Amino acid sequence: AQKVTQAQTEISVVEKEDVTLDCVYETRDTTYYLFWYKQPPSGELVFLIRRNSFDEQNEISGRYSWNFQKSTSSFNFTITASQVVDSAVYFCALVMDTGRRALTFGSGTRLQVQP
Amino acid sequence: GAGVSQSPSNKVTEKGKDVELRCDPISGLTALYWYRQSLGQGLEFLIYFQGNSAPDKSGLPSDRFSAERTGGSVSTLTIQRTQQEDSAVYLCASSLTGPGQGAEAFFGQGTRLTVV
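Going down the list, the sequences are from chains A and B.
Each residue of the first sequence is one higher than the one before, starting from 1 at the first, in the numbering used here.
Each residue of the second sequence is one higher than the one before, starting from 1 at the first, in the numbering used here.
The following block contains the structure:
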């Protein structure tokens, strides 16, 4: 069975602060994919990034960066110089390459960026 | 269409009534998923359609829930004899292949179901 844990239920920061959202996963498979999605107040889940289990290279996209470490089964997400528009619920998710091909989501982290 | 479209966006129904939720997926993307998002349970997988293969129904919470996909396109999720615990946001998603093959899922805005 697979599991995704996002221990931070809610984080509040002031604009321009950096913030890291934690994600820890569990799986017995060697091939799997990790995702981050953003859910703004409008409700639609927006894809942010996908990473496969064989690619531990960290990625940076603008103010967003992701740190994937297989040794600790973590896939953390950092927003640099946060903005009010970053306020949303962020979900980490996992899918295996075999068996049920559906995303297993963490419980989400609500990020509030105060002006 | 340009994205996944779900209808209705909101539905209020009386306990015991049947409801149908509709999903128009992204044209050309063969995989379709239904998820449920509720306060106590987070985001739960319900059912998965991939092309002409038999659907994966392993996430459906009870036999009151069913779904079909006609012509490999539009999907309908039906809940019979609704209960208050069915109140949630029901999300539909499209992807090119199963996400196990690395394809991201594109989500609709969901149908908020309230059972009173």
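Even for Gly, the Cβ is constructed at its ideal location relative to N, Cα and C.
Source: prediction; values computed, not measured.
* So, do the stretch 59-75 of chain B and the stretch 10-26 of chain B have three or more beta carbon pairs nearer to each other than 8 Å? -> yes
* Cβ pair count under 8 Å reaching 3, the stretch 77-95 of chain B against the stretch 67-84 of chain A -> no
* To do: Starting from Asn52(A), trace the beta strand (DSSP E) both ways and give me its first and last residue.
  => Here the question's residue 52(A) lines up with position 52 in the first sequence. Here the beta strand (DSSP E) through Asn52(A) covers 46-52.
* Starting from the C-beta of Lys16(A), find all residues in its chain whose C-beta is less than 7 Å away, skip the five residues before and the five after it, and write them out in chain order. => The residue labelled residue 16(A) in the question sits at position 16 within the first sequence. Cβ within range, chain order: Ala81, Ser82.
* Asked: Taking three-plus beta-carbon pairs below 8 Å as touching, is the stretch 2-13 of chain B in contact with the stretch 46-64 of chain B?
  -> no
* If we call anything under 9 Å between Cβ atoms a contact, is Arg22(A) one with Asn76(A)? -> By one-based count along the first sequence, residue 22(A) stands at place 22. By one-based count along the first sequence, residue 76(A) stands at place 76. Note on identity: in this sequence residue 22(A) is Asp, with Arg being the wrong assignment. Yes, Cβ-Cβ distance for Asp22(A) and Asn76(A) is below 9 Å.
* chain A beta carbons: is any one of them nearer than 9 Å to that of Asp24(B)? -> If you number the second sequence from 1, residue 24(B) lands on position 24. With 9 Å as the cut-off, Asp24(B) does not count as an interface residue toward chain A.
* Asked: For Ala102(A) and chain B, any beta-carbon pair shorter than 9 Å?
  -> On the first sequence, residue 102(A) is found 102 positions in, with the first residue counted as 1. So, interface residue.
* Asked: So, using beta-carbon positions, are Leu45(A) and Phe91(A) closer together than 9 Å?
  -> Here residue 45(A) refers to the residue found at position 45 of the first sequence. Here residue 91(A) refers to the residue found at position 91 of the first sequence. Yes, these two residues count as a Cβ contact at 9 Å.
* What residues in its chain sit with their C-beta under 7 Å from that of Ser73(A), if we drop five residues either side in the sequence? -> Taking the first residue of the first sequence as 1, we reach residue 73(A) at position 73. Correct list, in chain order: Val24, Tyr25, Glu26.
* Residues within the stretch 16-49 of chain B neighbouring chain A, beta-carbon criterion of under 7 Å -> Tyr33, Gly42, Leu43, Phe45, Tyr48
* Smallest Cα separation from Thr82(B): which of Ser58(B), Gln6(B), Ser66(B)? -> Within the second sequence, the letter at position 82 stands for residue 82(B). Nearest option by C-alpha distance: Ser66(B).
* chain A within 9 Å of Gln109(B), Cβ atoms only -> Translated into the one-based positions of the second sequence, residue 109(B) becomes position 109. True, the Cβ-Cβ gap to chain A drops below 9 Å.
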